[in-house]
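Presented below is the structure to which this report refers.
Number of protein chains: 2
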Amino acid sequence: MVQVAVMGYGVVGSGVVEVIMNHRDGIMKRSDAELNVKYILDIREFPDSPYAEKFTKNFDDILNDDEVKVVAEVMGGVHPAYDFTKACLLAGKSVVTSNKELVATKGAELLEIARQKNVNYLFEASVGGGIPIIRPIGLCLAANEVIEVAGILNGTTNYILTKMIKEGVSFEDALRTAQQLGYAERNPAADVEGHDACRKICILASLCYGKHIYPEFVHTVGITGITLEDVSYASSWGGVIKLIGQVSKLDDGTLDITVEPMFIERSSQLAGIDDVFNGILVRGDATGDVVFYGKGAGKLPTASAVVADIIDCVQHLKDRKFVFWEDGNASLVKPYEETVFPVFVRAVSDDKKAASAKAAELFPGMKPVVRPDAAENEFAFVTGKMTVADRNKLLEELKASGTEIKSVIRIADL
Amino acid sequence: MVQVAVMGYGVVGSGVVEVIMNHRDGIMKRSDAELNVKYILDIREFPDSPYAEKFTKNFDDILNDDEVKVVAEVMGGVHPAYDFTKACLLAGKSVVTSNKELVATKGAELLEIARQKNVNYLFEASVGGGIPIIRPIGLCLAANEVIEVAGILNGTTNYILTKMIKEGVSFEDALRTAQQLGYAERNPAADVEGHDACRKICILASLCYGKHIYPEFVHTVGITGITLEDVSYASSWGGVIKLIGQVSKLDDGTLDITVEPMFIERSSQLAGIDDVFNGILVRGDATGDVVFYGKGAGKLPTASAVVADIIDCVQHLKDRKFVFWEDGNASLVKPYEETVFPVFVRAVSDDKKAASAKAAELFPGMKPVVRPDAAENEFAFVTGKMTVADRNKLLEELKASGTEIKSVIRIADL
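Sequence order for the protein chains is A and B.
In case it helps, the working numbering puts the first sequence at residues 1 to 414.
In case it helps, the working numbering puts the second sequence at residues 1001 to 1414.
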């Protein structure tokens, strides 16, 4: 019998306790792991819970109990989750987590402590909720170079974009519906500004390339600036707008890593991933494209991923899993200004004819995009591939000639 | 340094040797596993191979060499692969394989020997080529009941159906093109008759439900009877025809397991999986639907899955992985005649009006389906849910009244 502690009794934490206590026999049968939840740490009171006697407000109860071999940290946020995780690892306990913020900001340090103490720090639930992705990437890595990872990593923004695309609802209205349905929080910034997706692509990039990529290295744009005009142009162009987190290795060894809304072609495997679903594409040199799809969040999917990690820890109490990356620094990432890709540009001008001609002159090889019901003074085009810096210079020139730039959206190569 | 033997130097075997020898440093760095291919077993001669000195025609060289800890069996077929695998396991060597026929017919026996000898028998490459699926299902299983697995498991038939759907090419012509492109073999029976997909769903079912489901328990229909008329009706109905391998657990504990062409709705995540790609949907009680998508075959994808298994064996030389199922028997499977689902029926009759009326009388609640360019005497409909036996009786009655039944195709619930 292995004793487990669960830190945090919110949505995921209560799911973890439920899955362990309801599936104990099945877990025992399938994995030979006999589990019991000994402590639940939460500052709140749950006198009516069937697990009332397991609750504690004192972290030291867990830390000082040598019977507790595995701790599930499902509190979220960096503090005090970071301090608690560190203390548990230093005390020789394995820790599993769904806390993407903590893994994305402190992963290298915590993995190094786990290595020194010969215990595990696992985080399958931190990306993609119940979709197995951390382990399958490990499998791909075994015999592949990972060329690229790209994904729809945030269900809230995908729900909002899907509403905008399929129902012609504005961003504000779609956000309000998402909040009413519980898909978006009252303060939706972490989702709609792209920070949540950024943490996830940082975790995947660190895993694939072996060095910690911190969120502050990553150019991150959310979906608050996306309008129904952009959605309509994407459709005319032959695709949809999705918020994509993406990382690929460039020839000079640096990473092109970004989170931003992108035009993706309708034929892409990511184009059909709608509503609150997540989808992650892993491009290996041997496997080719492999796509993982499913619900990226939710109580039971996320909890079941946490429990799978707990079971893995129990099966490897003396035998560390090989999940690891070293610390990293900003020089690993290509400066955004130097990255190269085509974009969609939407603009307005009182003298549309002259402005379009100027755009065609500045961007040789650009392709105009037209849409039904466009305003009189509106025009749009797709540029060729160029660096962000070069393009920004040309767009400044276009602006100088009296054109207002409304949108600049990356064209994905997926 | 762990010595490995590769049995069979065909497409997959040569890929395995290539991946190991070209990725040795990367494998070492990422997994701490130092590998060397010591033997390659093949009855043919490869004097010009850079690995010429590793070849042997004598299996005993491998069996009797205690340095060889892991053997990759990539010969295909049951004999002599079965005898060689058994001998290796009995000699305390771990075995990994891409041989779905062997796993589907002898899996329980070989897994039991592996258990007794405390070594591994792994087969990630046997389903889905380079798509990680065996391990992710293990992960789902850890904390889920698997409600259903359904997939497009054979790339050759998916390529043929895609040609028929998208280009209006007949089955025969599409097959010929597939053969020219090397996607189908000269004798295409194993693919087009559904046997390959059957072996794969047997492996997935055995894994999910813990008992060996043998191919002969599974009602298996291929795609040789699918016509362009059926494809056209599927489109009018709102979907596509795909060859689906599917297993789900019924309330009485038996399995509904089948391989057959099915109508699937265009909105299903499997509907957009085209060409030689495979896609597998795993429906867990906690995770919900998770879909895995990628190239299901090919030299390097399959080889990279084999190599991932080899690395896993090396990391678990003293510590068996928990992949196991017991022997099973036919009573685990619901007889096909007793399974319940709706079907699409296409029929012709010289007195179409009377025949349609008779069909409506026999199948209350049936829904007619019409398509453009249908022959004068043709009609089609979708039935309600009923057992295969009940439906067959009603169809006999319909035939008795002078109607010829051209197609009966299952409607998927995906």
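A virtual CB, placed ideally from N, CA and C, is assigned to each residue, including glycine.
Worksheet entry | N-terminal and C-terminal residue of the alpha helix (DSSP H) that residue 162 of chain A is part of | 155-167
Worksheet item: Does the segment 288-297 of chain A touch the segment 1118-1137 of chain B, meaning 3 or more C-beta pairs lie closer than 8 Å?
Response: yes
Discussion item. Using 8 Å as the threshold, is the C-beta distance between residue 1261 of chain B and residue 1314 of chain B below it?
Written reply: no
Item to complete: Show which residues of chain A have a CB atom less than 7 Å away from the CB atom of residue 1188 of chain B.
Response: Under the 7 Å cutoff, chain A gives no residues; its nearest Cβ is about 23 Å from residue 1188 of chain B.
Worksheet item: Any idea if residue 1228 of chain B is buried or exposed, counting beta-carbon neighbours within 10 angstroms, 16 or more meaning buried?
Response: exposed
Fill in: Residue of B:1082, B:1219, B:1402, B:1284 minimising C-alpha distance to residue 1144 of chain B
B:1284
Worksheet item: Between residue 136 of chain A and the ligand NAD, is the CB less than 7 Å from at least one heavy atom?
Response: Among the components of this structure there are no ligands whatsoever, and the ligand NAD is therefore not found.
Worksheet item: Would you call the segment 1193-1202 of chain B and the segment 1251-1267 of chain B touching, i.e. three or more CB-CB distances under 8 Å?
Response: yes
Discussion item. 8 Å is my cut-off, CB to CB: does residue 1069 of chain B come that close to chain A?
Written reply: So, not an interface residue.
Discussion item. With a threshold of 7 Å on Cβ separation, who are the neighbours of residue 231 of chain A within its own chain once the five nearest residues in sequence on each side are excluded?
Written reply: 164, 165, 241
Fill in: Reference residue 328 of chain A, options A:362, A:380, A:217, A:156, closest by Cα
Nearest Cα to residue 328 of chain A within the set A:362, A:380, A:217, A:156: A:217.
Worksheet item: Secondary structure at residue 1297 of chain B, three-state DSSP: helix, strand or coil?
Response: In the displayed model, residue 1297 of chain B falls within coil according to three-state DSSP, outside both helix and strand.
Discussion item. So residue 1272 of chain B contacts chain A; which residues on that side make the cut at Cβ distance below 8 Å?
Written reply: 269, 272
Item to complete: Report the residue from A:236, A:385, A:413, A:264 whose alpha carbon sits nearest the alpha carbon of residue 340 of chain A.
Response: If we check each option's Cα against that of residue 340 of chain A, A:385 comes out closest.
Worksheet item: Which chain D residues are close to residue 1142 of chain B, counting only those with a beta carbon under 8 Å from its beta carbon?
Response: Looking at the structure shown, chain D is missing, and the protein chains on hand are A and B.
Discussion item. Quick check: the segment 101-109 of chain A against the segment 22-42 of chain A, are at least 3 beta-carbon pairs closer than 8 Å?
Written reply: no
Worksheet item: Counting only beta-carbon atoms, is residue 1416 of chain B nearer than 8 Å to chain A?
Response: Outside the displayed range of chain B (1001 to 1414) lies residue 1416 of chain B, so it cannot be described from this structure.
Practice prompt. Below 6 Å CB to CB, which residues in the same chain sit around residue 1148 of chain B once its five sequence neighbours on both sides are set aside?
Written response: 1248, 1283
Worksheet item: Mind checking if residue 1023 of chain B is an interface residue toward chain A, Cβ cutoff 8 Å exclusive?
Response: yes
Item to complete: Could you confirm whether any beta carbon from chain B is found closer than 8 Å to the beta carbon of residue 341 of chain A?
Response: So no, residue 341 of chain A is outside the interface.
Discussion item. If I measure Cβ to Cβ from residue 360 of chain A and keep anything under 7 Å in the same chain, skipping five residues before and after, which residues do I get?
Written reply: 366
Worksheet entry | Sub-8 Å separation of residue 1157 of chain B and residue 1192 of chain B beta-carbons | yes
Worksheet entry | Close Cβ partners of residue 369 of chain A (< 8 Å) along its chain, the five nearest in sequence each way excluded | 233, 236, 237, 344, 380, 381, 382
Worksheet item: Of all the CB atoms in chain A, is at least one closer than 8 Å to the CB of residue 1295 of chain B?
Response: yes
Practice prompt. Label residue 342 of chain A either buried or exposed according to how many other C-beta atoms from any shown protein chain fall within 10 Å of its C-beta, with 16 as the threshold for buried.
Written response: buried
Worksheet item: To the nearest whole angstrom, what separates the beta carbons of residue 1110 of chain B and residue 1089 of chain B, a pair I think is in contact under 8 Å?
Response: About 6 Å separates the Cβ atoms of residue 1110 of chain B and residue 1089 of chain B, confirming a contact at the 8 Å cut-off.
Discussion item. Counting only Cβ-Cβ distances shorter than 7 Å, please list the residues of the segment 102-136 of chain A near chain B, keeping chain order.
Written reply: 130, 131, 132, 135, 136
Worksheet item: At least one CB of chain A closer than 8 Å to the CB of residue 1243 of chain B: is that the case?
Response: no
Fill in: Cβ contact (3+ pairs, closer than 8 Å) linking the segment 56-75 of chain A and the segment 167-185 of chain A
Touching, no, given that fewer than three Cβ pairs across the two stretches are closer than 8 Å.
Worksheet item: When the distance is taken between beta carbons, is residue 1204 of chain B closer than 8 Å to residue 1137 of chain B?
Response: Yes, the pair counts as a contact, with Cβ atoms nearer than the cut-off.
Discussion item. Do residue 1414 of chain B and residue 1150 of chain B count as a contact pair if the criterion is CB distance below 8 Å?
Written reply: yes
Fill in: Cβ pair residue 1012 of chain B, residue 1037 of chain B closer than 8 Å
Cβ distance not < 8 Å, so residue 1012 of chain B and residue 1037 of chain B don't count as in contact.
Worksheet item: So with Cβ pairs under 8 Å, would you call residue 1317 of chain B a contact of chain A?
Response: Chain A, which has no Cβ nearer than 8 Å to the Cβ of residue 1317 of chain B, makes this no.
Practice prompt. Specify the secondary structure class of residue 316 of chain A as computed by DSSP and reduced to three states.
Written response: coil
Discussion item. 8 Å is my cut-off, CB to CB: does residue 1415 of chain B come that close to chain A?
Written reply: Here chain B has residues from 1001 to 1414 only, and residue 1415 of chain B is not among them.
Fill in: chain A within 8 Å of residue 1414 of chain B, Cβ atoms only
It does not; no Cβ of chain A falls within 8 Å.
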